[in-house]
Every structure is written in structure tokens, then in C-alpha cells.
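**Q** Have a look at this one before I ask anything.
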Amino acid sequence: MPKSSKKYLTLSKKWQKRHKAINEKLWTKHKDALVWIGEKIPAKEKLASGAVGALMLANTLPGTTAEAGTISTELAKPKEVIASNKTPEFSSALKSVLPNEMRPLTPVEEESIGKILSDQFQMSVSASLDGKRLNRSYGYIGAEQHLARYPGDGMGGHLGPDANDNRLFYPSGMAPGLGAWGYFAPSQLLFTQKDADREKWYIAVQTFDAPGYLTNTREMSQFFKYRKMLVVNPKTGQAVVTDIADAGPAQWTGKHLGGSPEVMAYLGLQHGMRKGAVLYYFIDDPNDTIPLGPI
3 MPKSSKKYLT
13 LSKKWQKRHK
23 AINEKLWTKH
33 KDALVWIGEK
43 IPAKEKLASG
53 AVGALMLANT
63 LPGTTAEAGT
73 ISTELAKPKE
83 VIASNKTPEF
93 SSALKSVLPN
103 EMRPLTPVEE
113 ESIGKILSDQ
123 FQMSVSASLD
133 GKRLNRSYGY
143 IGAEQHLARY
153 PGDGMGGHLG
163 PDANDNRLFY
173 PSGMAPGLGA
183 WGYFAPSQLL
193 FTQKDADREK
203 WYIAVQTFDA
213 PGYLTNTREM
223 SQFFKYRKML
233 VVNPKTGQAV
243 VTDIADAGPA
253 QWTGKHLGGS
263 PEVMAYLGLQ
273 HGMRKGAVLY
283 YFIDDPNDTI
293 PLGPI
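Residue numbers (our numbering): 3 to 297.
The structure is reproduced here in C-alpha cells:
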């Protein structure tokens with residue numbers, strides 16, 4: 003069934019509404035137990051626990067979408083408060099160039115904003131790199147789910163030592179499929195911190211709509227794989243260094259890119275509709291010296 007068909011959209015909306023109700027019911031009924039999981043049980047023990055596994059499965063049913071689960075507004079914010087980069091000069095400079103409506107930026111606007119971002123964050127950023135670019139550099143970002151990092155990976159493995167982070171990020175659940183380039187590591191044994199960071203701070207972009215992608219798919223795909231991008235919330239100045247690890251969302255969604263639960267939180271977009279306007283520019287970092295994560 004074509005994803006653009008009326009029947010598909012109707013069924014998709016019904017499923018999202020149903021899953022949201024299930025998710026809310028789960029948290030209403032088992033909130034104390036899920037919070038206790040995040041605070042008390044080590045990740046490796048969660049994987050071995052049948053009772054806990056049942057709760058996890060209830061929140062990660064196959065076929066869920068990135069918009070289906072909603073992070074409760076009662077959940078704690080990340081312990082690390084990201085200071086706003088929106089100084090008066092930065093704010094004024096962006097406002098003078100950004101259009102009032104959501105639309106693709108013109109070449110002149112892209113270049114001007116690229117210079118502003120490069121100066122503000124002390125790194126070389128641009129809308130194009132090595133002659134390649136995306137279909138746009140300013141658009142709406144939406145929430146994505148956690149991705150499987152290696153065969154057998156589950157939500158238990160995504161939980162860390164900080165209970166506040168677990169409360170915030172656990173409800174997003176796992177995506178039913180893999181990222182655009184499959185697993186981040188071939189096995190848990192070979193899984194590294196770099197792999198963990200790539201999943202934690204990933205974004206999904208519309209690679210399939212990039213100029214020249216269909217005529218040079220192999221080269222373009224390798225270029226986009228884990229490519230670093232600076233994502234900035236122009237309203238607050240909050241910024242995150244991310245990497246491309248998935249393709250999407252579809253054009254009909256009205257969104258132009260997606261962000262991991264952690265990316266959305268540190269952009270200040272983790273509540274409500276979990277959607278907002280952002281700038282996203284390539285980072286020129288050939289020696290891989292710029293770490294992923296909030297700036």
C-alpha cells in the first residue's frame with residue numbers, strides 16, 4: 003500500500019492513536035515499577051528478567067512509530083542544563099537572515115547563516131560539503147525512537163546510571179527497524195563508546211531527496227553515513243553536534259528531519275508536539291576532533 007495513499011494515512015493515524023493510548027495506560031498503571039527499574043536494576047539484569055522484559059515489550063510493540071509514544075511532562079529534565087547560546091548579537095544576527103515562514107533558504111541566506119553559526123560555535127559549518135548537500139538546511143525536526151545498536155540490543159541496554167535520564171528517554175521506545183546503515187556494531191562484544199554516541203546523538207535526514215542521490219546512490223550514501231551535522235534551535239540558541247544515522251522522515255509527514263530522544267531533549271523540543279524549526283548544517287571535521295553531543 004503506497005504510504006501517500008489516503009487509506010495508509012488513515013490506518014497510520016488510527017494506529018498512532020491506539021499506541022498512544024496503550025502507552026499512556028502502561029505508564030498510568032505501572033509508572034512506579036518503570037521508575038524503579040530505571041533506578042534500581044542494572045541493565046544486564048533487566049535483560050535477564052522475564053517480568054521486566056514483559057513491561058519492556060509492552061512499551062516497544064512492533065510497528066510503533068516515532069510519534070506514537072509521548073514523553074510525560076512529569077518526567078524529570080536531563081540533569082545537565084544546557085545554557086542558551088542565544089546572546090543578543092547571535093539572536094539579532096539570525097533574526098536578520100531567517101525568513102518569517104518555513105521554506106528552503108536561498109543560497110545567500112544559507113551562506114550568511116553558515117558564517118553566523120561558524121563564528122558563534124567556533125567550527126566550520128556549511129550547507130554543502132565536498133560538493134554534496136541535502137534538499138534543505140532549515141526545516142521542522144520531529145522526534146525519533148531509539149535505534150538497535152547491535153544484534154539483540156533492547157531498551158534495557160539503553161538505560162544508564164542516571165535515573166533522571168532513564169525516566170526521560172526510556173518511554174520513547176525502540177524503532178521497529180534498523181537505521182539506514184544497519185547496526186552500529188556487528189555484536190555487543192565489539193560495541194564501542196563511539197557506537198553508543200553515534201546512536202545517542204543521531205538524526206534522520208531526507209538523504210533520498212538530496213540533489214544527485216538517485217544518480218549516484220552509492221557515493222552519496224557513503225558520504226552521508228554518520229556525517230556530523232550541527233543542529234540549532236534558533237529560538238533558544240540550544241545546539242547539538244549530531245551524526246546522520248537514518249533516512250527520513252517521508253515528505254508527507256510535514257517534517258524534514260528527525261532527532262533521537264536525546265537530541266530532541268537538548269534542543270528543548272522533548273515535550274508537547276515534539277516538533278520544531280531548526281537549522282542543520284554540515285560540520286567540516288576531517289580529523290574527527292569535534293565530539294558529538296550538546297554544545
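Beta carbons are placed, not taken as given, at the ideal position from N, Cα and C, and that holds for glycine.
Computed from a predicted model, the values in this text were never measured in an experiment.
My output table needs one value for Y185: the three-state DSSP class, helix, strand or coil.
**A** Here Y185 sits in coil by DSSP.
**Q** Can you give me the Cβ contacts of S189 inside the same chain, cut-off strictly under 8 angstroms, excluding the 5 residues immediately before and after it?
**A** Cβ within range, chain order: Y152, P153.
**Q** Indicate, with yes or no, if the ligand ATP has a heavy atom lying under 7 angstroms from the CB of D155.
**A** The ligand ATP is absent from the structure shown, which contains no ligand whatsoever.
**Q** Looking at the structure shown, is S126 part of a helix, part of a strand, or coil, going by DSSP?
**A** Three-state DSSP puts S126 in coil, outside helix and strand.
**Q** F284 lies in the beta strand (DSSP E); which residues open and close that run?
**A** 277 to 285 is the extent of the beta strand (DSSP E) around F284.
**Q** Can you grab the Cα-Cα spacing for the pair G184 / T209, in whole Å?
**A** So the alpha carbons of these two residues sit roughly 15 angstroms apart.
**Q** What's the C-alpha gap between E146 and S94?
**A** Each residue's Cα considered, the two are about 31 angstroms apart.
**Q** Does DSSP put H273 in a helix, in a strand, or in coil?
**A** It is coil, neither helix nor strand.
**Q** Bridge partners of M313, per DSSP?
**A** Given that the chain is displayed from residue 3 to residue 297, the structure contains no residue 313 and the question cannot be resolved.
**Q** Does DSSP put G239 in a helix, in a strand, or in coil?
**A** Three-state result, G239: coil.
**Q** Hey, would you say R200 sits closer than 8 angstroms to Y228, going by beta carbons?
**A** Cβ distance < 8 angstroms, so R200 and Y228 count as in contact.
**Q** Using 10 angstroms around the beta-carbon of R105, count the other beta-carbons present and answer buried if the total reaches 16, otherwise exposed.
**A** With fewer than 16 Cβ atoms within 10 Å of its Cβ, R105 is classed as exposed.
**Q** Return helix, strand or coil for G295, following the three-state DSSP convention.
**A** Of the three classes helix, strand and coil, the one that applies to G295 here is strand, per DSSP.
**Q** Which runs of the beta strand (DSSP E) at least 3 residues long sit entirely within the region 105 to 168? Give them in chain order.
**A** 140 to 145, all fully within the region 105 to 168.
**Q** Report the option in I205, P263, A187 whose CA atom is closest to the CA atom of M231.
**A** Residue I205 is the option with its Cα nearest to M231.
**Q** Taking three-plus beta-carbon pairs below 8 angstroms as touching, is the region 242 to 257 in contact with the region 98 to 117?
**A** The answer is no - the region 98 to 117 does not touch the region 242 to 257, with fewer than three Cβ pairs under 8 angstroms.
**Q** Report the option in L149, M275, Y268 whose CA atom is closest to the CA atom of K257.
**A** Out of L149, M275, Y268, M275 has the C-alpha closest to the C-alpha of K257.
**Q** Distance check for V207 and D132, CA to CA, integer angstroms please.
**A** In a straight line, the C-alpha of D132 is about 18 angstroms away from that of V207.
**Q** Round the Cβ separation of Q240 and Y282 to the nearest angstrom and send it over; I've been treating them as touching at under 8 angstroms.
**A** Rounded, the Cβ-Cβ distance is 13 angstroms, inconsistent with contact.
**Q** So for K230, helix, strand or coil by DSSP?
**A** Strand.
**Q** Looking only at its own chain, which residues have a Cβ that is under 8 angstroms from the Cβ of V99, when we skip the five neighbours before and after it?
**A** Same-chain partners within the cutoff: E111, S114, I115, I118.
**Q** Starting from S259, follow the beta strand (DSSP E) in both directions and report where the run begins and ends.
**A** For the record, residue 259 in the displayed sequence is Leu; it is not Ser. Segment 259 to 261, the beta strand (DSSP E) holding L259.
**Q** With a Cβ-Cβ cutoff of 8 angstroms, do E264 and K202 count as a contact?
**A** Yes, the pair counts as a contact, with Cβ atoms nearer than the cut-off.
**Q** Can you look up A212 in the DSSP assignment and give me helix, strand or coil?
**A** A212 falls in the coil class under three-state DSSP.
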